[in-house]
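One structure below.
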Amino acid sequence: AKSILPGISSRETIGHNHLYVETGEAALGKIEGNPVREEMEEAAKMIGLDMIVNTVMNVKNEIVKVVAGDPAMAHQAGVKVCNDIYGVKIPEKADIILASSYPMDINFHQASKTLEAIGHIIKEKSTIIMLSPCYEGIGGKDFVDFLKEKTPEDIIMNIKAHKERNVVSGVISYLIAKCKEKAKIYLISEGIEDKDIIEMGML
Numbered sequence: 023a024k025s026i027l028p029g030i031s032s033r034e035t036i037g038h039n040h041l042y043v044e045t046g047e048a049a050l051g052k053i054e055g056n057p058v059r060e061e062m063e064e065a066a067k068m069i070g071l072d073m074i075v076n077t078v079m080n081v082k083n084e085i086v087k088v089v090a091g092d093p094a095m096a097h098q099a100g101v102k103v104c105n106d107i108y109g110v111k112i113p114e115k116a117d118i119i120l121a122s123s124y125p126m127d128i129n130f131h132q133a134s135k136t137l138e139a140i141g142h143i144i145k146e147k148s149t150i151i152m153l154s155p156c157y158e159g160i161g162g163k164d165f166v167d168f169l170k171e172k173t174p175e176d177i178i179m180n181i182k183a184h185k186e187r188n189v190v191s192g193v194i195s196y197l198i199a200k201c202k203e204k205a206k207i208y209l210i211s212e213g214i215e216d217k218d219i220i221e222m223g224m225l
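When you read off a place in the sequence shown, starting at 1, and then add 22, the result is the number in this note's numbering.
Shown next, in the form of structure tokens:
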């Protein structure tokens, strides 16, 4: 379904889809009841997508499973395999979290997915130590500007007021800001200067 939305969709459609994050229901790893995923599957049906072929990779970048068929059913089958390989049970929320961004480490725009992934195990006033090389720095200008906003609500208001801006970057910044409300984040990165990390509020 992602080959259609966001794949070949308009900027406006992609922006609308990503803004479902504001509902609190569009959580990473949540399939049922996730409005982002539901709209993606609806778009795929509207366009006539009737089959997908996806692969599941292991940590060595080797194919361990191929899933194919109905877009929704094949995707769910792939998710199950991914959960079996990568899923871990977390007995309780943590006070201190040490997190690596691998393999999403080309820049902070990609690396920030780490924060979304650990969002549900963060305690109030916990500490996150995030390790990422960020070889190409922070990311695009829109992303950098969104990161300077004070609160998640400010970011959403900014996105809605300036729809010409990169909504995806805004949504990622929103998720980072939500994370910062609960935890103190320390970013350790060779690719981003300390002054920029301080400006991002992560040092």
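We put the CB at the ideal spot given by N, CA and C, even for glycine.
Legend entry - Nearest residue (CA-CA) to residue 210, options 204, 153, 185, 114: 153
Inset, instruction - Please state whether DSSP places residue 152 in a helix, a strand or coil. - result: Collapsing the DSSP output to three states places residue 152 in a strand.
Inset, instruction - Would you mind stating whether residue 148 and residue 111 have Cβ atoms separated by less than 8 Å? - result: Judged by their CB atoms, residue 148 and residue 111 are not nearer to each other than the 8 Å cut-off.
Legend entry - Distance between residue 41 and residue 189 (C-alpha atoms, nearest Å): 8 Å
Inset, instruction - State the beta-bridge partners of residue 21 as determined by DSSP. - result: The structure shown does not extend to residue 21, since the chain is modelled only from 23 through 225, so no value can be given for it.
Legend entry - Length of the line joining the Cα atoms of residue 100 and residue 143: 24 Å
Inset, instruction - Locate the alpha helix (DSSP H) running through residue 137, then write down its first and last residues. - result: DSSP places residue 137 in the uninterrupted alpha helix (DSSP H) bounded by 135-140.
Legend entry - Test item: CB-CB of residue 76 and residue 89 under 8 Å: yes
Inset, instruction - Since I believe residue 207 is in contact with residue 160 (beta carbons under 8 Å), could you give me their beta-carbon distance rounded to a whole number of angstroms? - result: In this structure residue 160 is not in contact with residue 207, their Cβ atoms being roughly 14 Å apart against a cut-off of 8 Å.
Inset, instruction - Identify, in the order they occur along the chain, each residue of the same chain with its Cβ nearer than 6 Å to the Cβ of residue 219, setting aside the five sequence neighbours on each side. - result: 209, 225
Legend entry - Inter-stretch contact at 8 Å, needing at least 3 Cβ pairs: the segment 116-135 / the segment 159-174: yes
Inset, instruction - Determine the burial state of residue 184: buried for a count of at least 16 other Cβ atoms within 10 Å of its Cβ, exposed for fewer. - result: exposed
Inset, instruction - Can you have a look at residue 8 and say buried or exposed, based on whether 16 or more other CB atoms are within 10 angstroms of its CB? - result: There is simply no residue 8 to check, as the chain begins at 23 and stops at 225 in what is shown.
Inset, instruction - State the DSSP-derived secondary structure class of residue 211, mapped to helix, strand or coil. - result: Judged by DSSP in its simplified three-state form, residue 211 adopts coil rather than helix or strand.
Legend entry - Straight-line gap, residue 68 to residue 212 (C-alpha atoms, nearest Å): 45 Å
Inset, instruction - Compare the beta carbon distance of residue 50 and residue 138 with 8 Å and say whether it is the shorter of the two. - result: yes
Inset, instruction - Within its chain, find whatever has a CB closer than 6 Å to the CB of residue 165; leave out the 5 residues flanking it on each side and keep chain order. - result: Excluding residues up to 5 positions away in sequence, 131, 191 lie with their Cβ nearer than 6 Å to the Cβ of residue 165 in the same chain.
Legend entry - Residue span of the beta strand (DSSP E) that contains residue 216, given as start and end: Segment 216-221 is the alpha helix (DSSP H) holding residue 216; no beta strand (DSSP E) there.
Inset, instruction - Within the same chain, show all residues whose beta-carbon is closer than 7 Å to that of residue 47, passing over the 5 residues directly before and after it, in chain order. - result: 55, 56, 57
Legend entry - Other residues of its chain near residue 80: CB distance less than 7 Å, five sequence neighbours each side excluded: 86, 107
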